[in-house]
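Chemist:
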Amino acid sequence: MGGLFICAAILIGALLWGDLSSPYTLSGIGIVATFGGLGAWDDWVKLSSKLNGLKVRQKFVVQWLLAFGFAAALYVTHRDVPQGLSLVIPIGGATIPLGIAFVAWAAFVLVGSSNGVNLTDGLDGLASGCMVFAGGAFTALTYLAGHKEMAEYLAIPYVAGCGELAVVMGAMVGAMLGFLWFNCYPAQVFMGDAGSLPIGALLGLAALAARQEILLVIVGGVFVAETLSVIAQVGWFKLTGTRVLACSPLHNHFLFKGDHEIKIVTRFWITSALLAVLAIASLKIQ
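Numbering (the working numbering), first residue to last: 4 to 289.
Shown next, in the form of structure tokens:
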């Protein structure tokens, strides 16, 4: 339940330096508090009973309910923003209007991002290190989206007030750096669902607010790969009775193949850093 320290650090930073009249700041605070509460509940069940946490269906339903609530709030905020309810293709600037379907799409992004980070949190320092790079990229992206001149220069959607979310994202990056100090191999503290669920959902919120969900796939490429590895493993086993990987998620495959934990984590960090740089650099490709 070390994730409680992460949530506390983010909330304290946001409350001290964030604009509490901003809907983006309030949504960020709300996501950290609610998804963090759900994760802490799940962790507490594991610690206080013989159960392996909440039932998967229970946790999944609560995640979707929370996600739809924040997605609806974001819909209200974005319906008057140019391209606010459109899926934006970073290269070329093409847009796909979503309309009211934005709510379902936003909920999917929040739940997917939350679970992606949760699945990645399996080795000492893996999720926390990758989140430093991914969070840093979206701290920059939310700031740029909220800066009119910079948004026009980079030909990305300008979302007035979105820059306020950069404060929350910056607090998250700071929290992850502090946490990683004690979470690197051999870990002294573990985030659990209390940390992985809220930081993943917060990353999804930043992408939605900045209208950069496509870049989220690049920035969060490690989380995407981990999630897809689980889907592929389960799906292929049900179809054929055989396994695609030695073990899923993906980091466990390399672990089972004999690679040392430190080597796996370091390589995933490098990959995450390169993907973050690639995503930011792609803004100049038109």
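All residues carry an ideal CB built from backbone N, CA and C; glycine is no exception. Just so you know, these numbers come straight off a predicted model, no measurement behind them.
#1: Let me know the alpha helix (DSSP H) ranges lying completely inside the segment 202-239, each 4 residues or longer, listed in chain order.
#2: Check whether the segment 199-211 and the segment 117-131 are in contact - that is, three or more C-beta pairs closer than 8 Å.
#3: Among the candidates G166, V225, W67, whose CA atom is the shortest distance from the CA of L290?
#4: On the three-pair Cβ rule with 8 Å, is the segment 187-197 touching the segment 120-130?
#5: Could you tell me whether the segment 7-24 touches the segment 178-186, where touching means 3 or more Cβ pairs closer than 8 Å?
#6: Would you check if there are 3 or more beta carbon pairs closer than 8 Å linking the segment 155-172 to the segment 257-267?
#7: Is the beta carbon of R214 sitting closer than 9 Å to the one on I159?
#8: Run the CB neighbour count on L277, radius 10 Å, all protein chains shown included, and call it buried at 16 or more, exposed below.
#9: So, at 8 Å on beta carbons, what are the nonlocal neighbours of A284 in its own chain, with the 5 sequence-adjacent residues on each side left out?
#10: Tell me whether the beta-carbon of I99 lies closer than 9 Å to the beta-carbon of Y78.
#11: Take H254 as the anchor and find which of W47, A130, A148 has the nearest alpha-carbon.
#12: Buried or exposed: where does W272 fall if 16 or more other Cβ atoms within 10 Å of its Cβ makes it buried?
#13: Report the option in A228, P201, S251 whose CA atom is closest to the CA atom of D45.
#14: Tell me, which residues are paired with L90 by DSSP?
#15: Does DSSP put Q191 in a helix, in a strand, or in coil?
Modeler: For this structure:
#1: 216-222
#2: yes
#3: With the chain covering 4 to 289 only, the question about residue 290 has no answer from this structure.
#4: yes
#5: yes
#6: no
#7: yes
#8: Classification of L277: exposed, given that the 10 Å Cβ count is below 16.
#9: Answer for A284: no residue qualifies.
#10: no
#11: A130
#12: buried
#13: P201
#14: Its beta-bridge partners are I99.
#15: coil
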